[in-house]
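In what follows, a single structure is set out as structure tokens and then discussed.
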Amino acid sequence: MTNSIAEIEDADCMLVVGSNTTEAHPVLALRMKKALRRGAALIVVDPRRTWLAERATIHLQLRPGTDIPLMNAFAYVILQEGLADFAYVENLTENFEAFAAAAQEWSPERAAELCGVDAEQIRRAARLYAQTEKAGIYYTLGVTEHVCGVDNVRSLSNLALLTGHLGRSSVGVNPLRGQNNVQGCNDVGNNPVFLPGYQLVEDEATRAKFGQAWDCTVPAAPGLRLDQMMDGMHDGRIKAFYVMGEDPVVSEPHAKQIESGFEKVEFVVCQDIFLNETSRRYADVVLPSTCFAEKDGTFTNSERRVQRVRKALDPPGQARSDLRILFEVAQALGVDWGEPDAEKVWNEFADLSPKFFGIRYPRLEERGLQWPCPDSSHPGTPFLHEGAPLRGKGLFYPVDHVPAWEEPCADYPFLLTTGRTLYHYNAATQTARSDGHLDKQARCFVEISPDDAREMALDSGSTLRVESRRGAIEVEVKVTDAVHPGVLWMPMHFAEARANVLTGDGKDPEIGTPEYKVTAVRLVR
Amino acid sequence: MATLVLLGGGACMKSKITFTLDGQTIEVPAGSTLLEACRQAGSEVPTLCHDDRLHPYGGCRMCLVEMEGAPRLVPACKTQVQADMQVRSQSEKLERVRTTIAQMLLSEHTPGNGVQEDQLQSYAKKNKVEAPLRFASSAAWEDRNRFLGFDPQACILCDRCVRYCDEVMQCSALEHVGQGSQARIQPTNGQSFLDTSCELCGGCISTCPTGALYEKQAVDADGKVKARVEQTEKTRTVCTFCGVGCVLDVHTHQRQVVKISAEAGVGSNDGHLCNKGRFAWQFIHHPDRLQQPLLRNADGHLQAASWEQAYARIREGFTRIQNQYGSDSIGFLASSRCTNEDVYTLQKLARAVIGTNNVHSCAAT
Amino acid sequence: MDIRCLEGLRGCGGAGFAAAFKWEAVRREAGGDKVVICNADEGEPGTFKDGWLLRHHVQTILRGMQKAAQHCGATRGFVYLRPEYQAHGGILLEAIAALVEEGLLSAGSGQVYAAQSFPGRPAVLASSGLSDCALASLDWHVQHGAQELVGQATAQGGVELAPPSHGYALPPRESGPIPPAPSSGHPFRLDLCWGGGAYICGEETALLESMEGRRPQPRHKPPFPTQSGLWGLPTLINNVETFWWAERLLTGDCKTPAGSHRLYSVSGAVQRPGVYEAPVGLSARALVEDFAGGLREGAEVSCWIPGGAATGILPGSLLDTPLSPDGLSAVGTAPGTAAVVIYSQPTDPRTIAAQIMRFFAQESCSQCTPCRLGCRAAAAWLEGSEAFPQVEVEAQWLEAMELGSICGLGFTAPLVLRQWRRWFCSAEVPA
Ligand code: SF4
Ligand code: SF4
Ligand code: SF4
Ligand code: SF4
Ligand code: FES
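Dropping the structure here:
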């Protein structure tokens, strides 16, 4: 996030795109609720009528996968009506002309037709966003989990640049991170092209720096992304996996394809707190590890705040802390890193990463610190891009509509999109082990519009087969006008009805994020 | 859509105003409440119905103070400081009235089960107040949900839970019904929490000053409290269920989690949690937890093994693959739920020990 | 408009605040959106003069409201009507229609709304066939099981509960222009809002809360409704009788000086219970003798209420006390709603005091501790309940109620117990 969570409650206009915030980020949503109660305007862009959408000043209930035309139409209106912050554009951005030309292609009328929303509503929303001084954008996976995920994000940042809505308190572009440490994972270098602290593997000096610290030669070739590794299982590039706390067979799209890939892999190590589909079926070695309450360390939340995780309990049985396991594996492979100690590991990371240099455990005791924090007296950074964009000039990217990887057709007439619910988390390995949560929501369900339900003579509670070109699952029907006709929505959490059996191979070409959000399916009673 | 503008207690602009408190001239930010001013001046004023995160209510009347010119005492929590006010926050009269109000509350209050702190009891103990009489207790209350316990006999109708649910959650799943001696708190329409708009966030528990609302998971099946709140050990850590990163306290007793809570004013969650953060901890002690390493044997089954065997197998496996196909044929996947230190170490293992940049995790956002 | 003639007119709803002062306060507030509300939630036990006025002089009241609106610059008006006054609703709507016709009220007047009540409160008392006088005491006497019913209510037999009827909730805050009324040129839309049915709804800020759709719990003051009332707008709230006097004073119809007379609701053991216009300062004895036809045959006064239940009880020996602020304050009480109720022997004064206190304990909105629990304890003490022997704490508890309650219900309730102790109880009077 460019801004802090606490700033949200002071926003006067919130543009929430593809985020069912009250369910996926409930406590962050409390700040939105507070802003709403204060009288802030709210624009929700979501194919589903969510809690926030119901209370929104404007709800643009678009067809899934049409975000770019919609955002371009926003830009069209802002340019046409002279609502842009031309001084900001002039002084602090680049590539405006190319972007403006792309935006000119999408009049609200043209976008309206493709997105299935009202052109006048687009105009109103664009004005509201552009004309409110304190306006922030918030988005989640509804934006990124598309073939054009990266361009979707660019279309949002274009809007922020165009209106100068960046670099102030409550004003910015805020991705809300799904998992608790997505931010930290990237920060500490869990990325094929970045070494820790966002330092490029490509860069020779960087490699030398890390090589010296680690007493090794850092390989120069960028690694494979997750999706490439998944493909690599089929084409022979990947022969072994070390999986820490993941269940790719459940979490990755097009599950059948993943399963057949794992069949070919020769050696798999899984380190986790429960057996999961991947380890049960494919692991050669399973290492029992620890959950958050059993270890020391840090997490970094969506607002870039590094916070201390503290050990409250010993791990059960012979289970060991993840850190100890990794140190011992290194030792087994012939490298001695000494005693595992979370603070020492953090210090090594911070010493090597200028943006994090000032963050040290003793400073995290009270309330954590938000990076960038380059030195020990730096107070941390509540919001980014103050004064000017970080890279000096904000870069406009001309973006255009990218059709979904798979569009509905006569055989598979419904468009299925997926998401999170309030009561479960990811593959529900933990929430499904909580009786109280199951009381509230025990089974998977698919949401269908009353029109479609009537046509197919379906009632809430009946069971239905959802089929895609790749697989089929059985789920319970929930009839609701929260979705438009032709659109289905399903939560992603349930192992016995895995949405990913259905999802396809579409992914963003630049970063490989899979298209969980659009799948063509048909319903069989 | 109804739009409600709240003039919360915290709303303070830059300018300062001065007034007299207990004979001293005090300067506070304009818009401060008397309660904030008293805190700033170090004068201890008891409160029960007040929560900084909620709109001031002024119902319990514990925080009454004397104000020159006012016909009666005024509640510090709900009164804004005006320039040149003359206020006394400590006096014999106030002492007497506060004691009386505590007496009144005690006479309708039965101490809760101890899962939660009871601020009324603490005040009574500290100030040696006892109930001079007893009103008939309210009927007990049962619900089939497994998270929220409610003991109406401990309730003092401070309305914090109702206001929390209305103002913060905006769920309106609790209501204050009836009047006079019939007045009581109940889930909307007297239904089970599972059948109302309640989202099981447990925020109502966190704001309840008496422990009338409590974490049901801290009580075992036969109604015995696992540990009173003062017996538990509190460890401050961070929720692992989403990127908001709420700060929370894990309460443990005899190596078991008793409950999870969060303290107002701490972290960007300011003491708020959602149902997952507060209640989804059963998995920690779940029998399915892996407790020893497993190795796949010749006929394809996973079998318990020692750590040494496991590490030997790993050494053998990775060495063979490395020799046969090269380091870049090994992939490392880390969950975005692991700690920074774990993930840092994993990528270091990949890069420095194995020699590959094949490190990534699921779902990039 | 010159409102100097209102000088001396005090609100007739119980609190007795200077009417002209309120009118001026609202007029001085900035902004064009202001509200005038006529408080017709007549619920003080023993009081029925507002009902009588609404039946017989409804136009005068509405014209008074119109003048107030014009004076203050208010464009919206409401009559907040006690839901038991079902028949009066029709009368009011007819009168509103007539005044729209006449051009005094804006077109569109006469909408019907319903205010919020306490969840869980029983439905309103059915009132068909009852006199206002009987109705005035119904909720008190019927719900609380008193033996001696006031006035003529006895004749009416059983009382059933009717579901709260009519009207829809008031929308958050309607805007949109209100057309000027043709004859006055001033835009003023006057609507009817059915009250929430609880005693406390008559408290002006609880009334506002219930109109806005919330539990009728009194607000903290300040801000006063004149500064921030309905929807946060400056709001003038006057009692029915106040508007009636104001209209008559402003048009010169009233020959007596402002505040020199009041409408007395007289009931109980008298020959002719009813509403009487009488000079302020007249004694209760004179009121009974000269207006209400004297005491009922053979009745001997056991105790009496000078101004509605909240003013407590006095002994028969004080029947000559002038019913004026000064006169009544000398005996520890106030003129209240000018509702005089006479109880005859052998009614035990303690029973009456206990019933009043029980009524308050039931009707307490339960927002603040001293009133919610203090009234309960005081009622139990008056009822002489075994479970409550600790009279030593009484003084402290009454003090906390008086000093620490949010609204008038809580801080005047102790008076009932104090008056009983002072005039009827031989035990020491608690300090
Ligand atoms: S748990 Fe949360 S949603 Fe449910 S009643 Fe309590 S505050 Fe409201
Ligand atoms: S349950 Fe707790 S928070 Fe709610 S009113 Fe009772 S004492 Fe207050
Ligand atoms: S408590 Fe809820 S909102 Fe907060 S981090 Fe945990 S899952 Fe996210
Ligand atoms: S004094 Fe009684 S009626 Fe008034 S606010 Fe307090 S509890 Fe409610
Ligand atoms: S804390 Fe101020 S009245 Fe309750």
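Chains as they are written, first to last, in the numbering used here: chain A, 518 to 1042; chain B, 279 to 643; chain C, 110 to 540. All C-beta atoms, glycine included, are put in the ideal place defined by N, C-alpha and C. None of the values given here were measured: they were computed from a predicted structure.
Only counting the same chain, and skipping five residues up and downstream in sequence, which positions put a Cβ closer than 7 Å to that of residue i?
i: D437 of chain B; result: C327, Y335, G337, H454
i: Q509 of chain B; result: H531
i: D892 of chain A; result: F874, G875
Could you compute how far the alpha carbon of residue i sits from the alpha carbon of residue j?
i: A419 of chain C; j: L372 of chain B; result: 26 Å
i: G604 of chain B; j: I990 of chain A; result: 39 Å
i: E637 of chain A; j: A618 of chain A; result: 22 Å
i: N864 of chain A; j: R827 of chain A; result: 17 Å
i: C341 of chain B; j: E305 of chain B; result: 20 Å
i: A588 of chain B; j: M761 of chain A; result: 15 Å
i: F613 of chain A; j: D602 of chain A; result: 12 Å
i: K550 of chain A; j: R572 of chain A; result: 10 Å
i: Q625 of chain B; j: L551 of chain B; result: 32 Å
i: N636 of chain B; j: R960 of chain A; result: 36 Å
i: P654 of chain B; j: K554 of chain B; result: Only positions 279 to 643 of chain B appear in the structure, and residue 654 of chain B is not among them; the question remains open.
i: A642 of chain B; j: E769 of chain A; result: Because the pLDDT of A642 of chain B is 42, which lies under 50, any placement of that residue in the model is unreliable, and the number read from its coordinates should be weighed accordingly. Rounded to whole angstroms, A642 of chain B to E769 of chain A spans 12 Å at the Cα level.
Take residue i as the anchor and find which of the options has the nearest alpha-carbon.
i: E598 of chain A; options: A:Y605, A:D956, A:E611, A:P625; result: A:P625
i: L874 of chain A; options: A:A629, A:T680, A:Y715; result: Correcting the residue type first, residue 874 of chain A is Phe in the shown sequence and not Leu. Comparing Cα-Cα distances from F874 of chain A to each of A:A629, A:T680, A:Y715, the minimum goes to A:Y715.
i: V963 of chain A; options: A:R986, A:L932, A:T946, A:R987; result: A:L932
i: R556 of chain B; options: B:L568, B:V525, B:H579, B:R567; result: B:V525
i: V634 of chain A; options: A:Q621, A:F591, A:N669; result: A:F591
i: A927 of chain A; options: A:R1039, A:L792, A:I790; result: A:R1039
i: H165 of chain C; options: C:G186, C:G182, C:R230, C:G198; result: C:G198
i: L659 of chain A; options: A:V710, A:A629, A:I585, A:Y940; result: The question names Leu, but residue 659 of chain A in the sequence shown is Gly. It is A:I585.
i: D421 of chain B; options: B:A414, B:Q464, B:E408, B:T388; result: B:Q464
i: A810 of chain A; options: B:A612, B:F519, B:R591; result: B:F519
i: Q431 of chain B; options: B:A418, B:C316, B:D362, B:Q368; result: B:A418
i: S392 of chain C; options: C:G493, C:E409, C:P431, C:D362; result: C:P431
i: T938 of chain A; options: A:N691, A:G695, A:F616; result: A:G695
i: E477 of chain B; options: B:A451, B:S415, B:V393, B:Q460; result: B:A451
i: Y593 of chain A; options: A:I522, A:V852, A:A643; result: A:A643
Give a yes or no on whether 8 Å exceeds the smallest Cβ distance from residue i to chain E.
i: F866 of chain A; result: Of the chains in the structure shown, none is chain E; the protein chains are A, B and C.
Can you list, in chain order, the residues of its chain with a C-beta nearer than 6 Å to that of residue i? Leave out the 5 residues immediately preceding and following it.
i: A570 of chain A; result: V561, D563, H576
i: D606 of chain B; result: T634
i: A129 of chain C; result: I112, L115, E116
i: G523 of chain B; result: V516
i: M1007 of chain A; result: T935, V963, A1016
i: D858 of chain A; result: none
So residue i and residue j are in contact, right, with Cβ under 8 Å, and what is the actual spacing, rounded?
i: R374 of chain B; j: P324 of chain B; result: Rounded, the Cβ-Cβ distance is 13 Å, inconsistent with contact.
i: A546 of chain A; j: T538 of chain A; result: 4 Å
i: V144 of chain C; j: R185 of chain C; result: 5 Å
i: R191 of chain C; j: G304 of chain C; result: 5 Å
Can you list, in chain order, the residues of its chain whose CB lies under 8 Å from that of residue i, leaving out five sequence neighbours each side?
i: A782 of chain A; result: It should be pointed out that residue 782 of chain A corresponds to Val in this sequence rather than to Ala. Cβ within range, chain order: M750, I755, K756, A757, F758, Y799.
i: Q360 of chain B; result: I295, F297
Check your understanding: Can you find at least 3 beta carbon pairs, one from the segment 209-221 of chain C and one from the segment 436-452 of chain B, that sit closer than 8 Å?
Key -> Too few Cβ pairs lie closer than 8 Å, so no.
Practice item. Evaluate the contact criterion for the segment 511-526 of chain B versus the segment 465-485 of chain B: three or more CB pairs, one atom per stretch, below 8 Å. Key: Here the segment 511-526 of chain B makes no contact with the segment 465-485 of chain B; the two share fewer than three CB pairs at distances below 8 Å.
Practice item. Evaluate the contact criterion for the segment 511-520 of chain C versus the segment 301-314 of chain C: three or more CB pairs, one atom per stretch, below 8 Å. Key: With the cut-off at 8 Å, the segment 511-520 of chain C and the segment 301-314 of chain C touch.
Review point. Using 8 Å as the Cβ pair cut-off and three pairs as the minimum, do the segment 989-1005 of chain A and the segment 1023-1032 of chain A touch?
Key: Taking a cut-off of 8 Å on C-beta distances, the segment 989-1005 of chain A does not touch the segment 1023-1032 of chain A, as fewer than three cross pairs fall below it.
Check your understanding: How do the segment 311-326 of chain C and the segment 278-292 of chain C stand: do at least 3 beta-carbon pairs fall below 8 Å, yes or no?
Key -> With a cut-off of 8 Å, the segment 278-292 of chain C and the segment 311-326 of chain C count as touching, because enough Cβ pairs lie within range.
Practice item. Would you check if there are 3 or more beta carbon pairs closer than 8 Å linking the segment 836-849 of chain A to the segment 684-699 of chain A? Key: At 8 Å Cβ cutoff, the stretches do not touch.
Practice item. Check whether the segment 137-152 of chain C touches the segment 335-349 of chain C, counting contact only when three or more Cβ pairs, one atom from each stretch, lie closer than 8 Å. Key: The answer is yes - the segment 335-349 of chain C touches the segment 137-152 of chain C, with three or more Cβ pairs under 8 Å.
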